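*Asks:* Mapping of the sequence shown onto numbering that gives the first Met the number 0: residues 0 to 974, in sequence order.
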Amino acid sequence: MTNRADLDAAREWLATVYGDTPGLINIVCTGNWAGAFYPTDEAGLSGAVDYIRRLDDAGKAGIYARVTTVKEQPPEGRRGSADLSLSFPGFWADIDIAGPGHKTDKPLPPDTAAAFKIVETSGLPEPTLWVHSGGGVYPWWMLRQPLIIDDTNRDSLAALSARWQKILGAASERLGYHYGTGVGDLTRVLRIPGTVNRKEGLARPCQIHSTSGETYELRTLADLVTGIELPAAPTLPSVAVAPPPRRPIRSGFGSVGPFDALAEAASWRDFFEPLGWAFAGTERDGAELWRRPGGTSAYSVRCGYNGVPVAVVHSEETGLPSGAGHKLTMGRLLAHLHYAGDEHAAAADLRAAAAGSPTAGAARRLRATVLDHVRRRCDIPAWTQARGLPVPDEPLPPPPPGPDGWEPPPVDEPPSFVDEDTPEPGGDDPFAIGEGATGPDVRQLLAGTDEAVLLAGRFPDRETLAGLRWTAPGSEARDRPLPVFPVDALPGRVGEFATAVATYTQVPVDLVAFAILGALALVVGGHATINGQWRENALNLYLVSILDSGEGKSPAFDAVTPPVRDLERRLRAEWKAAYEDKAEAYDIALKTRDQLVTKLSQAADKRKRQDLRADLDALNNEIKELKPPPKPQLFVGDILPEALARLMHRVGGHAGVMSAEGNFLGNISGRYNNGRPNLELVLVSYDTSEPYRVERIGRDPFEIDRPSLSISLAVQPVVIADLTSSPAVTDRGFLNRFLLTQPQSLAGRRDPKPPRIPAELIAEWHRVLTRAYYAVLPGGEKFDPETGEPRPPAAMQVTPTAEDEHLAWRSALEWRLDPDDGDLAPIKGWARKLTGTAYRLSGILHLAAGLPTGQPVDSGTMRDALTIADYCIPHAQVVLTDPAVAGGVQLNEPAQHVLGWIRRKRPETVTVEAVRVGLRGRRWVKELGADGVRATLVYLAKRGWLASVVRSDAAGRRLGDGAFVPHPDLLQGAL
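(1) So is the beta-carbon of Ala361 under 6 Å away from any non-hydrogen atom of the ligand GDP?
(2) Residue range of the alpha helix (DSSP H) that Glu119 falls in?
(3) Are the segment 574-590 and the segment 536-556 touching by the rule of at least three beta carbon pairs closer than 8 Å?
(4) Considering only their Cβ atoms, is the gap separating Thr317 from Arg976 smaller than 7 Å?
(5) I need the straight-line Cα distance from Thr186 to Ile62, nearest angstrom please.
(6) Work out the CA separation of Lys607 and Gln601 for me, nearest whole Å.
(7) Nearest by alpha-carbon distance to Arg919: which of Gln206, Arg375, Val932 is it?
(8) Give me the DSSP bridge partner(s) of Ala584.
(9) If I'm right that Val224 touches Leu159 with Cβ under 8 Å, what's the distance once you round it to whole angstroms?
(10) Thinking just about the alpha-carbon of each residue, which of Leu865, Leu146, Leu812, Leu464 is nearest to the one in Tyr838?
(11) Classify Asn2 as buried or exposed, calling it buried when 16 or more other Cβ atoms lie within 10 Å of its own Cβ.
(12) So, is Trp764 buried or exposed, given that buried needs 16 or more other C-beta atoms within 10 angstroms?
(13) May I have the straight-line CA-CA distance separating Val797 from Gly835, to the nearest angstrom?
(14) What is the C-beta distance between Pro21 and Ala451, in whole angstroms, given that I count them as a contact (C-beta under 8 Å)?
(15) Which one of Trp91, Thr67, Phe90, Thr687 has the shortest CA to CA distance from Ser80?
(16) Residues in its own chain within less than 6 Å of Val130 by CB, not counting five upstream and five downstream?
(17) Helix, strand or coil for Phe484 per DSSP?
(18) Do Val559 and Ile515 have their C-beta atoms within less than 7 Å of each other?
(19) Classify Lys552 as buried or exposed, calling it buried when 16 or more other Cβ atoms lie within 10 Å of its own Cβ.
(20) Since Pro108 and Ile96 should fall inside the 8 Å C-beta cutoff, what is the C-beta to C-beta distance between them, to a whole number of angstroms?
(21) Could you tell me whether the segment 745-755 touches the segment 770-781, using the rule of 3 or more Cβ pairs below 8 Å?
(22) Please go through the same chain and pick out, in chain order, the residues whose beta-carbon is closer than 6 Å to the beta-carbon of Gln889, but skip the five residues on each side of it.
(23) DSSP three-state label for Gln609, please.
(24) Beta-carbon within less than 7 Å of Val523's beta-carbon, same chain only, minus the 5 sequence neighbours each way: which residues are those?
(25) Counting pairs of beta carbons, one from the segment 648-656 and one from the segment 621-635, are three or more of them closer than 8 Å?
(26) Please classify Pro965: is it buried, with 16 or more other beta-carbons within 10 angstroms of its beta-carbon, or exposed?
(27) For Arg592, which option in Leu261, Asp614, Arg52 has the closest C-alpha, if you only look at C-alpha atoms?
(28) Can you list, in chain order, the residues of its chain whose CB lies under 7 Å from that of Ala954, leaving out five sequence neighbours each side?
(29) Using a Cβ-Cβ cut-off of 7 Å (strictly less than) and excluding sequence neighbours within five positions of Val307, which residues of its own chain qualify?
(30) Can you say whether Thr437 is buried or exposed, counting buried as having 16 or more other CB atoms within 10 angstroms of its CB?
(31) Going along the chain, which residues of its own chain have a beta-carbon closer than 6 Å to the beta-carbon of Arg921, five neighbours each way excluded?
(32) Rounded to whole angstroms, what is the Cα-Cα separation between Val579 and Gly787?
(33) On the CB-based measure, 16 or more other CB atoms within 10 Å of its CB, does Ser982 come out buried or exposed?
(34) Going by DSSP, what residues sit across from Met657 in a beta bridge?
(35) Whole angstroms are fine: how far does the CA of Glu342 sit from the CA of Phe258?
(36) Expressed to the nearest angstrom, what Euclidean distance is found between the alpha-carbon atoms of Met997 and Val924?
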């Protein structure tokens, strides 16, 4: 028996499993689980084998390869998540055989024959081959063609792989053996045949044991696996009545991960009752107590202690991580109860269950309302045969009923969010869409596909592509429905008012709601602070609604702004009654002083100069006594930056800009300054963190101690397009300070005779806005009559439970900023501002509810603020990352060149090389070469102008770059 690696055998294995498939091979070893990455071509295989040789020379105990290739190399020191998986060769198992080196003390198969028996009795087909790892066996079921993993099939595939392992686990249990079922994840690594298993100081070869040569279609295996019945989880009756299932606390669209959405909608009973746990009561702080099956203590788990949404396990007999150091969120609890602690597998299964996939496992036992909430919050497409894996002929066995009459939804019926009248897709083609179906079209399939897959070929051949629907090209985000503003998050009857205004003016309610928030921020803005984990120096907001011309922006604003105008008139009337005579005397005194200064400068007689100076000193004292507070002005519409600064200085620091037009944005972006933006005042006035000083030649300098500005605008898309196309604007992070909404047009669906706004709702809106103003400025005066200085802002606080809500939310938000796979990484500057904006929103909602500044903001108000913040996220993603949606910007220049070339040449297929040669005279092709062409073809494919298919050489071997098929209408001259 050799104690050195057989490098020829290792190379043969790598070539068999990964050769010429897209992506990179990941080789790892004991002590270095990140390992190294190599291409799948001949040179890459040689590099991988040389790396194996070096690891073997170093005497590594185990040398492994990841079962899938990865689409790109992750950051140094990281293995890469399942999201990086690209090429899936087939299914596998990892069956330990009794002997040294195994952690479990449970019974294992005594030999290979017993291991073979597990597979034989499982109902799974004969493996393609068996690998003996030196301590166990790996049966492999190879696919005839590796599956390219992308966003449309990743979750279903992961769930199917997990079910595969559960089938083997059930067979092992029937034979009296233990089998670890948590080995089906897409990041799994297995020993490489040809290497040496040096575990426990031994030297046992890992080698191919036997082969059958049988390979399989994925559809065949999926049909088989979904038809194998798994044993149901045991249930025991409950002894107490648990709290009823709660309603989802937020309903924003497509903005969180599955575990976050689960925590919003699920109750602790959803996890414990189906497994026979007993509800043991509720503590005074609302914490729930649950007792494990067979438990004798008062309780085994405490959930929600002091309002924190985590579970702490107090019994080691539960099989769950126990002790105060292990705080289990609902997502982690789900993972430990059903997926051996594998959170990724749990999240994948939860997404599959929310989609209604038949391959879903334990997660499908959750209530339909919970799964529906997860689907909506995570923007998970409903499962269809065209999108997922095939539906079995026979329904899966229903999950066991729970106690107390509560039952999960039956799985043989479509979930509540699936339209039962939608035609079933037909045929055996996994991409096929039946006539009249509403499944994904070519553009939708391409939009969610990784770039590496697009380059290699998204579809297996042109025949497959010919059976799919093509819709008009464009950004996928253009057709993705954005969420509607959650008017229920507005306090009292303000939401009713918003809906009534939107109905009467026939505009999207989003526009009205933003105008309402803008009006509230305008009147309270710089007059209050709010303090939680950190301090927000003001409650001002920057808001922009984006709609085309003729969408009714002005009528909507006209319906919302009257209370602001009435308040300003009222304040001016009070000012006039109190200070008009004084102001008149003050103006006269100022003019008299100017005359005295002129006389003083002209006086030659010393005595006369002394008399004039004495008169001037007396007059200056009189001016100080006469100086009134400035005439109130709450907002302006169209104003230049320097004039705005002088206005803010005059009125004490806070002002508002409110308009149904975008002129103000044009002013500050450089319309009257030769295109040079003048953003400093607007940037500083958002955070109110530093004074703003103005010094101009020929003008008196001045300083605004606490500059605060509220902006509420409704603009046309071209205004935002101009801003996003200006590096001088984007580099300063100007738009990162704005909450953005781009509601769907109602054109073509408007009611020609809508109901009027009820008078009581108009009166209520007047009361709400006026009350909020006087809450932060009791008496209504901005200036202290004793000192003449602006009054200090009211200091507002949030309660500890409200802070906990915000902490949980911003923690989840932080994960989404991960530069590797976070969906908010492209707008991280905007998202980081959102955490503070959520505090401001909570303060504004608190005041709008009629609550005093001295009463802390509670958790319910904070949840409403976070609901609004969540609503804004997908709108910001579209506006800030897709300029075509924000402003109708045309395709980039290289894309236009490629489309023009296709229109002239009318090729049935396009390759990277053909485009490179055809456009070799273009500057961008000369500079970027084939890589520039690849990037442009991917850009067009993601927008549905082209679709990629697999391309092979004369020998039938798959080539690295696929072929691109133009949109049929493009070839026919219709595009």
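Here a beta-carbon is modelled for each residue, glycine too, at the ideal position from N, C-alpha and C.
No experiment lies behind these values; they were computed from the predicted model shown.
*Replies:* A quick look at the data gives this:
(1) Of ligands this structure carries none, so the ligand GDP is not represented either.
(2) For this step, residue 119 is matched to residue 120 along the sequence shown. Boundaries of the alpha helix (DSSP H) around Glu119: 111-121.
(3) The segment 574-590 is not in contact with the segment 536-556.
(4) No information on residue 976 is available, as it lies outside the stretch 0 to 974 that the chain covers here.
(5) In the sequence shown, the residue the question calls residue 186 occupies position 187. In the sequence shown, the residue the question calls residue 62 occupies position 63. Spanning the two alpha carbons is a distance of roughly 15 Å.
(6) Walking along the sequence shown from the start, residue 601 turns up at place 602. Walking along the sequence shown from the start, residue 607 turns up at place 608. Gln601 and Lys607 have their C-alpha atoms spaced approximately 10 Å apart.
(7) In the sequence shown, the residue the question calls residue 919 occupies position 920. Checking every option, the nearest Cα to that of Arg919 belongs to Val932.
(8) To locate residue 584, count along the sequence shown from 1; it is residue 585. DSSP, once it has assigned bridges, lists no residue as partnering Ala584.
(9) The count along the sequence shown starts at 1 and reaches residue 224 at position 225. The count along the sequence shown starts at 1 and reaches residue 159 at position 160. Indeed, because the Cβ distance is near 6 Å, the residues count as touching under 8 Å.
(10) For the purposes of this step, residue 838 is taken as residue 839 along the sequence shown, with counting starting at 1. Among Leu865, Leu146, Leu812, Leu464, the Cα nearest to that of Tyr838 is on Leu865.
(11) On the sequence shown, position 3 is the one that residue 2 refers to. Asn2 comes out exposed.
(12) Translated into the one-based positions of the sequence shown, residue 764 becomes position 765. Note on Trp764: 16 or more other CB atoms within 10 angstroms of its CB, so buried under the neighbour-count rule.
(13) What you label residue 797 is simply residue 798 of the sequence shown in a count that begins at 1. What you label residue 835 is simply residue 836 of the sequence shown in a count that begins at 1. Using only the alpha carbons, I get a separation of about 13 Å.
(14) Along the sequence shown, one-based indexing puts residue 21 at 22. Along the sequence shown, one-based indexing puts residue 451 at 452. Contact holds; Cβ gap of about 6 Å.
(15) Mapped onto the sequence shown, residue 80 falls at position 81. Selection Trp91, Thr67, Phe90, Thr687 evaluated against Ser80 yields Thr67 as nearest (Cα-Cα).
(16) On the sequence shown, position 131 is the one that residue 130 refers to. So the qualifying residues of the chain are Tyr137, Pro192, Ile207.
(17) Position 485 of the sequence shown holds residue 484. It is coil, neither helix nor strand.
(18) What you label residue 559 is simply residue 560 of the sequence shown in a count that begins at 1. What you label residue 515 is simply residue 516 of the sequence shown in a count that begins at 1. Taking 7 Å as the Cβ cut-off, Val559 and Ile515 qualify as a contacting pair.
(19) As a first step, residue 552 must be located in the sequence shown, where it is residue number 553. With 16 or more other Cβ atoms within 10 Å, it is buried.
(20) Along the sequence shown, one-based indexing puts residue 108 at 109. Along the sequence shown, one-based indexing puts residue 96 at 97. Sure, about 6 Å apart at Cβ, within 8 Å.
(21) As far as the Cβ criterion goes, the segment 745-755 does not touch the segment 770-781, which means the pair count is below three.
(22) As a first step, residue 889 is located in the sequence shown; it is residue number 890 there, counting from the start. The predicted model places Gln889 with a pLDDT of 44, which falls under 50 and marks its position as unreliable, so this point remains unresolved.
(23) The residue labelled residue 609 in the question sits at position 610 within the sequence shown. Three-state result, Gln609: helix.
(24) Here residue 523 corresponds to residue number 524 of the sequence shown, with the count starting at 1. Correct list, in chain order: Leu538, Ala771, Tyr772, Val775, Ile843, Leu846.
(25) Result yes; three or more Cβ-Cβ pairs closer than 8 Å.
(26) Taking the first residue of the sequence shown as 1, we reach residue 965 at position 966. A residue is called buried when at least 16 other Cβ atoms come within 10 angstroms of its Cβ; Pro965 meets this threshold and is buried.
(27) Indexing the sequence shown from 1 puts residue 592 at position 593. Selected option, being the one with the closest Cα: Asp614.
(28) Counted from its first residue, the sequence shown places residue 954 at position 955. Cβ neighbours of Ala954 within its own chain (closer than 7 Å, five residues either side excluded): none.
(29) Here residue 307 corresponds to residue number 308 of the sequence shown, with the count starting at 1. So the qualifying residues of the chain are Asp803.
(30) Counted from its first residue, the sequence shown places residue 437 at position 438. Because the pLDDT at Thr437 is just 38, under 50, the model does not fix this residue reliably, and the value given afterwards should be weighed accordingly. An exposed status is given to Thr437, since fewer than 16 other beta-carbon atoms sit within 10 Å of its beta-carbon.
(31) What you label residue 921 is simply residue 922 of the sequence shown in a count that begins at 1. In its chain, beyond the 5 residues on either side, His896 have a beta carbon closer than 6 Å to the beta carbon of Arg921.
(32) Looking up residue 579 in the sequence shown gives position 580. Looking up residue 787 in the sequence shown gives position 788. Correcting the residue identity first, residue 579 is Glu in this sequence and not Val. Straight-line Cα distance between these residues: approximately 16 Å.
(33) This structure gives no information on residue 982, because the portion of the chain shown stretches from 0 to 974.
(34) Within the sequence shown, numbered from 1, the residue matching residue 657 stands at position 658. Per DSSP, Ser711.
(35) Walking along the sequence shown from the start, residue 258 turns up at place 259. Walking along the sequence shown from the start, residue 342 turns up at place 343. Their Cα atoms are separated by approximately 9 Å.
(36) Nothing about residue 997 can be reported from this structure: the residues present for the chain run from 0 to 974 only.
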